[in-house]
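Using the numbering used here, you'd call the opening residue of the sequence shown number 16 and step up by one each time. For every residue, glycine included, the Cβ atom is placed at its ideal position computed from N, Cα and C. Following: one structure in structure tokens, then a few remarks.
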Amino acid sequence: MATDTADTDVFEAHRGLLTGVAYRMLGRVADAEDVVQEAWLRWSAHDTADVREPRAYLVRITTRLAIDRLRRASTQRETYVGPWLPEPVVTAYGPAVPDTAERAVLADSVSLAVLIVLESLSPLERAVFVLREAFGFPYAEIAVTLDRGEAAVRQLAGRARRHVEERRPRYDVDPAARRELTERFLAAAGGGDLEALLALLAPDVRLVGDSGGKAKAPLRIIEGADKVGRFLAAVAADAALYEFRVMEFNGAPAVLALNGGRPDLVLQLEVRDGRVESVHIVRNPDKLGGTDPGRPTV
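Shown next, in the form of structure tokens:
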């Protein structure tokens, strides 16, 4: 049997991958970390001498734990107060992901727009999509992970891919353009400048606020440029209470608002043709743990 130190080193070498899989499966940093911790407990209690491929074994444990938690979460969502959004997480990949193509895949698979669409997949479809599209696992390996035949996994993958492509909004992805528009939006909203806001908003813009009933935020989706603009202008009086930082969350620029040095909300815009198509505001305090840059990048 491997030594405790060796077992720990093997697990830590794969922790980032496991956290990334679990977060994309669950949309919550805390839930993902709980799943990875449970995977560690199972790994440390197992006789690892007979594990020929630790990476595959650990991904299998993590994925199955995430599926179980996702099935339980579907019931909890029915009683959630107000709209539900994924938990934002800092994704400043830096030199850890130097390849532009790989960075683009990671950023897209963790974007709020994609995670929102993934919520409508079945747990098995979501698992297959995450493992295949985000991490490039072979179908045969996914089949072993899910204890399904390879043909069935291919069918799940095709169905999930079509579902995501049909439902995912088409947004601009240029980070520089999104950051520039985010900064203009922040200036207009913070100053309560309704005219400037309306110039930035698409006619059919939607504002979605996630508070879980634990902070002030709209309990219903606000639609239309006039309603969204007036709502943002109305809350501008509170802007002086906050420190604002434009950072990268979920692969794209977003605004982190700090109140007394503590995270109070994350705001991210989805942009198309240079106009704001949607405003996502996460204010549930239980979902602001991912604002810590020290947490593992997913």
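(request) Label I296 either buried or exposed according to how many other C-beta atoms from any shown protein chain fall within 10 Å of its C-beta, with 16 as the threshold for buried. (result) Here residue 296 is taken as the residue at index 281 of the sequence shown, counted from 1. Buried is the call here.
(message) I'd like to know whether the C-beta atoms of Y186 and V168 end up nearer to each other than 7 Å.
(response) By 1-based counting over the sequence shown, the position of residue 186 is 171. By 1-based counting over the sequence shown, the position of residue 168 is 153. In this structure, V168 does not lie closer than 7 Å to Y186 by Cβ.
(request) State yes or no: is the C-beta of T160 within less than 7 Å of the C-beta of T78? (result) What you label residue 160 is simply residue 145 of the sequence shown in a count that begins at 1. What you label residue 78 is simply residue 63 of the sequence shown in a count that begins at 1. For the 7 Å CB-CB criterion, T160 and T78 form a contact.
(message) Going by the DSSP bridge assignment, what does N274 pair with across the sheet?
(response) On the sequence shown, position 259 is the one that residue 274 refers to. R277, per the DSSP bridge assignment.
(message) I need the DSSP call for E68, collapsed to helix, strand or coil.
(response) Here residue 68 refers to the residue found at position 53 of the sequence shown. Three-state DSSP puts E68 in coil, outside helix and strand.
(request) Could you tell me which of A166, L100, F152, G207 sits nearest to Q283, measuring between CA atoms? (result) Taking the first residue of the sequence shown as position 1, residue 283 is located at position 268. Nearest option by C-alpha distance: L100.
(message) Measuring only the C-alpha atoms, how far is L216 from D225?
(response) Taking the first residue of the sequence shown as position 1, residue 216 is located at position 201. Taking the first residue of the sequence shown as position 1, residue 225 is located at position 210. Approximately 20 Å between the Cα atoms of the pair.
(message) Let me make sure I understand the geometry here. Which of F26, P278, V223, F259 has the alpha-carbon closest to that of S98?
(response) Position 83 of the sequence shown, counted from the start, is the residue given in the question as residue 98. Sequence check: residue 98 is Pro here, not Ser. Checked all of F26, P278, V223, F259; the closest Cα to P98 is V223.
(request) Taking 7 Å as the cut-off, decide whether the C-beta atoms of V143 and I131 are in contact. (result) As a first step, residue 143 is located in the sequence shown; it is residue number 128 there, counting from the start. As a first step, residue 131 is located in the sequence shown; it is residue number 116 there, counting from the start. No, the Cβ-Cβ distance between V143 and I131 is not below 7 Å.
(request) Could you say which of E238, S126, A71, R87 lies nearest to G151 if we only look at CA atoms? (result) Taking the sequence shown and counting its residues from 1, one reaches residue 151 at position 136. Selected option, being the one with the closest Cα: A71.
(request) With a 10 Å radius around its C-beta and 16 neighbouring C-beta atoms as the bar for buried, classify P103 as buried or exposed. (result) Here residue 103 refers to the residue found at position 88 when the sequence shown is read from its first residue. Flag for P103 reads buried.
(message) Using only the alpha-carbon positions, how far apart do R260 and V105 sit?
(response) For the purposes of this step, residue 260 is taken as residue 245 along the sequence shown, with counting starting at 1. For the purposes of this step, residue 105 is taken as residue 90 along the sequence shown, with counting starting at 1. If you draw a straight line from the Cα of R260 to the Cα of V105, it is about 12 Å long.
(request) Look at the alpha carbon of V50 and the alpha carbon of V179, and state the distance between them as a whole number of angstroms. (result) Locating residue 50 in the sequence shown gives position 35, counting from the first residue. Locating residue 179 in the sequence shown gives position 164, counting from the first residue. The straight-line gap from Cα to Cα measures roughly 25 Å.
(message) In the DSSP assignment, the beta strand (DSSP E) including I236 goes from what residue to what residue?
(response) Numbered from its first residue, the sequence shown carries residue 236 at position 221. Looking at the DSSP string, I236 is not in any beta strand (DSSP E), and its letter there is neither H nor E.
(request) Note down the Cα distance separating P110 from P308, rounded to an integer number of angstroms. (result) On the sequence shown, residue 110 is found 95 positions in, with the first residue counted as 1. On the sequence shown, residue 308 is found 293 positions in, with the first residue counted as 1. Bear in mind that a pLDDT of 48 at P110, under 50, signals an unreliable position, so the number given afterwards is only what the model happens to contain. Approximately 15 Å, taken between the alpha carbons.
(message) Rounded to whole angstroms, what is the Cα-Cα separation between F200 and L85?
(response) In the sequence shown, residue 200 corresponds to position 185, counting from 1. In the sequence shown, residue 85 corresponds to position 70, counting from 1. Near 35 Å, if we compare the C-alpha coordinates of L85 and F200.
(message) Quick check: V281 and F264, are their CB atoms within less than 7 Å of each other?
(response) Locating residue 281 in the sequence shown gives position 266, where the first residue counts as 1. Locating residue 264 in the sequence shown gives position 249, where the first residue counts as 1. A contact, by the Cβ cut-off of 7 Å.
(request) Quick one: which unbroken beta strand (DSSP E) runs of 3-plus residues sit fully inside the segment 119-182? Chain order, please. (result) Unbroken beta strand (DSSP E) runs of no fewer than 3 residues, entirely contained in the segment 119-182, are not found.
(message) For W55, which residues in the same chain have their Cβ closer than 7 Å to its Cβ, ignoring the five residues on either side in sequence?
(response) Taking the sequence shown and counting its residues from 1, the one referred to as residue 55 is at position 40. For W55, where only same-chain residues beyond five positions count, the Cβ hits under 7 Å are F26.
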